[in-house]
Each structure stands twice: as C-alpha cells, then as structure tokens.
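> Right, I'll just put the structure down here and ask away after.
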Amino acid sequence: MFSFLKVFRNTALAMGTGVVILSSAVSVHAQAVPEMPDVLKDLAKQGAQVRYLGDDLGLAGWLVFMKGSQQFFYQTADKKGLISGVLYDDKGALITTEQLKRLQSDDKNIIDQFTGGLGLDNPAAVTSEGAAAATPSLPTESEYASLSPSEQLFVTVEHSNWVSLGDKDAPAVYSFIDPKCRHCHDFVNELRRGFMKRGMLQLRIIPVGLIDEESMKKAAFLLSSPDAEDRFYKHLDGDEKALPVENNFNTDGVELNIDIMRGWGLDVTPFSIYRDKSGKVKVLKGAPTQLESMVNDLP
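Residue 27 in our numbering sits at position 7 of the sequence shown, with consecutive numbering throughout.
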C-alpha cells in the first residue's frame with residue numbers, strides 16, 4: 021500500500037514564497053496552455069483544481085485551488101524554478117488581477133464559486149489564501165513496511181484527500197463519504213447536530229464517487245471547495261446547488277481516494293477509521309448504530 025503515499029511525498033518540496041516584481045507586462049488573451057509543472061501535476065493528483073493564467077512578463081502563471089486555499093504559482097522561463105506568490109510589474113500594477121479577469125471570461129464558474137465572486141479590483145482579495153489543515157509527515161518506505169496492517173491503513177487514510185468538518189482541535193475520525201449516499205447523509209447529520217455541535221469530535225470526510233459520475237464530480241468539487249464544510253452541510257440540507265456538477269473539474273483526487281478504498285478492500289460508505297484512547301486503530305463499517313460509543317472511545 022505504500023504506493024498510495026508516493027504521490028503525497030512528491031509534493032513535499034521547498035518552494036519560494038513571495039511577491040514577484042518584473043517589468044512591462046504584455047496582455048495575451050489567447051495562449052496555448054503549456055505542460056503543467058510536475059509539482060502542480062502532483063497537487064492535481066491530490067484533487068487540486070489547476071488553471072493556467074497565461075504567460076506575462078516571461079513567467080507562466082497557474083492558479084491552484086486545494087482544500088480551501090487558493091495559491092498562485094509562476095514558472096521561470098527556464099522551467100527550473102516555481103515561485104508561489106502574486107505578480108506585479110515594475111510600476112506596481114498587480115498583474116495577477118488582470119490574469120484573473122482573463123480567466124473569469126473563460127471559466128467564470130471556478131472564479132465565482134471558489135472565490136465567492138472575487139473582487140478582482142481588490143489586490144488584498146486576490147492575495148488571500150486559506151489555511152490547509154496540518155498533516156503529520158510521511159514515514160519512509162522502510163518505516164511504513166515495519167508497521168502493522170492497521171497502522172499502515174491509518175497512515176494511508178491520514179494522507180488521503182480529505183476535508184474537515186467540526187472543531188479542528190477535537191479528536192479526528194476519518195470517514196469515506198459519497199456525496200449521494202443516504203447512509204452517509206444520516207451518519208454525518210447525526211454527528212453534526214449532536215456531538216460535533218458540542219465540539220466532541222472532528223470529522224475528516226474523504227470524498228469518493230462510487231454511485232455514479234455525478235457523485236464523482238460532486239466529490240471533486242467538495243474536495244477543492246474553499247468553503248467545503250458550509251457547502252456540504254447545505255448539500256445535506258437539500259440544497260442541490262451546493263455541490264454543482266462541473267464537467268471540466270479534475271477528479272484525480274477523488275479517484276485516488278477510491279483506489280485507497282479498493283486497495284484495502286473497503287466496500288461500503290460510510291467507512292470510518294480512528295484512534296481510540298489507547299492509541300489503537302479502530303474501523304467502523306457502515307453507519308454505527310451507537311455513535312455515542314464511538315465518540316466516548318475517542319481520546
């Protein structure tokens with residue numbers, strides 16, 4: 021199962037972060053999309069939505085939405101460097117804003133839905149980024165091989181593509197969830213209206229699309245959404261527009277989650293994994309009949 025983790029290790033790279041200032045921007049409205057940098061390909065495999073911003077000032081720009089955050093990347097002309105930040109010209113004009121306006125004309129949905137209708141004339145709005153939840157570092161291949169099967173499962177699930185619901189400081193339960201699965205809806209609703217409302221646990225849902233293609237696309241949208249918790253709750257409450265079906269969305273992150281399920285022989289949703297008070301890994305197939313027992317078992 022270590023192969024599932026190699027994708028994540030490839031993204032643990034040191035990248036420069038900051039503001040790029042160059043001169044004389046050239047506005048190009050129709051540009052051929054170049055090959056995506058390897059680092060961004062790896063992010064896409066984790067479920068990120070990646071859009072090309074164009075080549076301005078000699079830098080190929082990319083917009084990445086992932087787990088509630090938006091980031092801008094610029095690749096150097098020699099393709100040996102990737103810089104995270106926003107792009108200004110030598111007169112102080114924010115080129116990233118102009119790039120977003122171009123993107124909005126071609127891909128309005130992702131701008132409106134993933135940034136809440138971003139105020140494109142407001143540089144502060146453009147540079148804002150969400151905070152992704154921290155994940156423990158990956159074990160080496162030899163360390164992973166030395167773990168028990170239950171620990172290997174937990175490590176794999178811990179590094180899957182998930183979004184968090186509830187108190188981020190509360191003990192975590194990981195659950196494979198299909199957006200169209202009614203048993204999943206009942207499971208999450210019972211938790212959020214009781215135990216999660218009281219801050220007793222954090223539910224890290226691992227979106228999968230097992231029911232049909234629409235389910236896959238809804239899961240992909242959820243995985244990348246900057247307001248995933250709010251959107252998923254609205255989805256549970258019957259809002260059909262909360263998780264739209266976008267045909268041009270990358271589903272690699274959802275497919276990787278499905279691969280994890282299949283690789284471990286997990287055949288139902290919800291399927292939950294957590295550590296109990298003693299640190300032992302516990303698994304729950306389907307919706308537990310006694311949620312209180314699970315919650316009381318948490319650290």
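Where is the CB? At the ideal position from N, CA and C, for every residue including glycine.
#1: What are the partner residues of Met86, as DSSP defines its beta bridges?
#2: Note the first and the last residue of the continuous alpha helix (DSSP H) segment covering Leu173.
#3: In or out: Thr176 buried (at least 16 other Cβ within 10 Å) or exposed?
#4: Kindly indicate the opening and closing residues of the alpha helix (DSSP H) around Arg295.
#5: Could you tell me which residues DSSP pairs with Val193 in its beta bridges?
#6: One question on the structure: do Ala262 and His255 come within less than 7 Å of each other, judged by their Cβ atoms?
#7: Assuming the contact rule is C-beta atoms closer than 8 Å, Gly258 and Leu223 should be a hit. Round their C-beta distance to whole Å, please.
#8: Taking the DSSP output, what are the residues bridged to Arg71?
#9: Between Asn181 and Asn277, how many whole angstroms is the CB-CB distance? I'm expecting something under 8 Å.
#10: Label Arg321 either buried or exposed according to how many other C-beta atoms from any shown protein chain fall within 10 Å of its C-beta, with 16 as the threshold for buried.
#11: Indicate the three-state DSSP secondary structure (helix, strand or coil) for Ile231 in the structure shown.
#12: Following the continuous beta strand (DSSP E) through Ser104, name the residue where it begins and the one where it ends.
#13: CA-CA distance, Trp284 and Pro169?
#14: Can you find the residues in the same chain that come closer than 7 Å, C-beta to C-beta, to Leu73, ignoring five residues on each side of it along the sequence?
#15: Per DSSP, what kind of secondary structure is Gly186 in: helix, strand or coil?
#16: Out of Leu77, Phe207, Gln66, Gln69, which one is the CA nearest neighbour of Thr309?
#17: Between Leu173, Val106, Glu210, Leu158, which has its C-alpha nearest Ala307's C-alpha?
#18: Could you name the residues of the same chain whose beta carbon sits closer than 6 Å to that of Ala68, not counting the 5 residues immediately before and after it, in chain order?
#19: With distance defined between alpha-carbon atoms, name the residue in Gly78, Gln95, Leu77 nearest to Met56.
#20: Which class does Lys217 belong to by DSSP, given the choice of helix, strand or coil?
#21: Assuming Pro290 and Ala239 form a contact by the criterion Cβ under 8 Å, report the distance between their Cβ atoms to the nearest whole angstrom.
#22: Excluding the 5 residues flanking Ser313 on each side, which residues of the same chain have their C-beta closer than 7 Å to its C-beta?
#23: By the three-class DSSP mapping on this structure, what secondary structure does Leu304 have?
#24: May I ask you to report which of helix, strand or coil DSSP gives Gln95?
#25: Consult DSSP for Asp250 and reduce its assignment to one of helix, strand or coil.
#26: For Pro227, is the classification buried or exposed, using 16 other Cβ atoms within 10 angstroms of its Cβ as the cut-off for buried?
#27: Reducing DSSP to helix, strand and coil, say where Asp76 ends up.
In short:
#1: Ser89
#2: 169-178
#3: buried
#4: Where Arg295 is concerned, there is no enclosing alpha helix (DSSP H), although the beta strand (DSSP E) it sits in stretches over 291-295.
#5: Leu223, Tyr294
#6: yes
#7: Contact flag wrong, Cβ pair sits at about 20 Å.
#8: Leu83
#9: 5 Å
#10: Beyond the ends of the chain as shown, which are 21 and 319, falls residue 321; an answer cannot be given.
#11: coil
#12: 102-109
#13: 10 Å
#14: Gly81, Trp82, Leu83, Gln119, Leu123
#15: strand
#16: Phe207
#17: Glu210
#18: Val84, Met86
#19: Gln95
#20: coil
#21: Rounded, the Cβ-Cβ distance is 13 Å, inconsistent with contact.
#22: none
#23: strand
#24: strand
#25: helix
#26: buried
#27: strand
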